[in-house]
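In my numbering, the protein residues as written are 60 to 275.
Ideal Cβ positions, reconstructed from N, Cα and C, are used throughout, including at glycine.
Every value quoted in this text rests on a predicted model; they were computed, and no experiment measured them.
Data first, discussion second: the structure below is written as structure tokens.
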Amino acid sequence: VVSHETGHALLDGLRPGFFSTHDAETGAFHEAFGDCAAMLMGLRDASNRDMVIEQSGGSLRNHNVISSLAEEFGAARAFDNNDPGDDHKIWLRTAINKFTYKDPSEIPPGRGDDDNLGREVHSFSRLFSGAFYDAIESVYMQSIYEDKQCPKEALQTAERVTGPLLTRAIEAGSTSRARFKEIALGMIAADGAMNEGKYSDGLKKVFLDRKIITPE
Numbered sequence: 060v061v062s063h064e065t066g067h068a069l070l071d072g073l074r075p076g077f078f079s080t081h082d083a084e085t086g087a088f089h090e091a092f093g094d095c096a097a098m099l100m101g102l103r104d105a106s107n108r109d110m111v112i113e114q115s116g117g118s119l120r121n122h123n124v125i126s127s128l129a130e131e132f133g134a135a136r137a138f139d140n141n142d143p144g145d146d147h148k149i150w151l152r153t154a155i156n157k158f159t160y161k162d163p164s165e166i167p168p169g170r171g172d173d174d175n176l177g178r179e180v181h182s183f184s185r186l187f188s189g190a191f192y193d194a195i196e197s198v199y200m201q202s203i204y205e206d207k208q209c210p211k212e213a214l215q216t217a218e219r220v221t222g223p224l225l226t227r228a229i230e231a232g233s234t235s236r237a238r239f240k241e242i243a244l245g246m247i248a249a250d251g252a253m254n255e256g257k258y259s260d261g262l263k264k265v266f267l268d269r270k271i272i273t274p275e
């Protein structure tokens with residue numbers, strides 16, 4: 060929660076114009092950036108990286124301390140309601156999801172549910188948060204299979220790579236609005252400039268699968 064809210068402050072410093080807009084997608088990106096910041100800050104801690112491997116068995120498709128956002132908050136909410144069926148959901152939001160892009164005007168208002176996006180910014184943000192988590196996973200897997208890093212080292216590499224790409228994309232983009240497509244393309248371009256395109260194929264696949272970008 061603290062890292063998420065700090066993420067808002069960092070983005071306000073980078074792009075103060077984002078906060079004053081009523082644009083739904085920009086508001087959702089603000090919330091997603093908070094989640095991205097939380098994931099990145101979590102990965103900086105060695106004990107968290109150890110816990111990710113322990114909880115996930117090395118597969119980031121399994122829920123873990125990084126993908127599960129605001130665990131204490133989410134667990135308290137789940138345990139406090141009258142539905143025992145959600146007691147296993149010890150998160151407020153999870154970055155492990157299958158959401159794909161739709162224009163916010165085509166999405167129903169409200170918060171949606173576990174399987175459906177809503178137009179409300181905390182709900183719609185889950186799409187980009189999930190895509191960014193997929194980008195972390197992509198760099199993680201490439202670091203293991205191509206660079207022969209151990210899983211814990213690969214997690215550290217993923218944090219060191221994806222954070223600067225996200226920041227560069229924001230800095231290169233609009234000062235007044237944030238479109239998921241523009242940020243995604245900015246991350247791919249930043250990888251070309253910073254890493255000679257080493258991770259670009261993986262990033263392209265992530266954002267294509269999420270329908271945030273198109274082949275064109």
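- In the DSSP assignment, Gln201 falls within the alpha helix (DSSP H) that extends over Val180 to Tyr204.
- Excluding its 5 nearest sequence neighbours in each direction, Leu128 has C-beta neighbours in its own chain below 8 Å: His63, Asp94, Ala97, Met98, Trp150, Leu151, Arg152, Thr153, Ala154 and Ser188, listed in chain order.
- Looking at the backbone, the Cα of Ala91 and that of Lys264 are separated by about 20 Å.
- With fewer than 16 other CB atoms across the displayed protein chains lying within 10 angstroms of its CB, Asp260 is exposed.
- Rounded to whole angstroms, Val220 and Ala231 show a C-alpha spacing of 17 Å.
- For Ser127, the beta-bridge partners assigned by DSSP are Thr153.
- Sorting Leu224, Lys270, Ala237 and Arg269 by C-alpha distance to the C-alpha of Met253 places Leu224 at the top.
- Asp172 is bridged by DSSP to Asn175.
- Residue state for Lys270 is assigned as coil, using DSSP reduced to three classes.
- Sequence-distant partners of Gly86 (beyond 5 residues in either direction) whose C-beta falls short of 6 Å from its own C-beta, in its chain, are Val180.
- Taking C-alpha positions only, Tyr192 is separated from Phe78 by approximately 24 Å.
- Minimum Cα-Cα distance from Gln208 among the listed residues Ile247, Gly117, His89 and Lys161 corresponds to Gly117.
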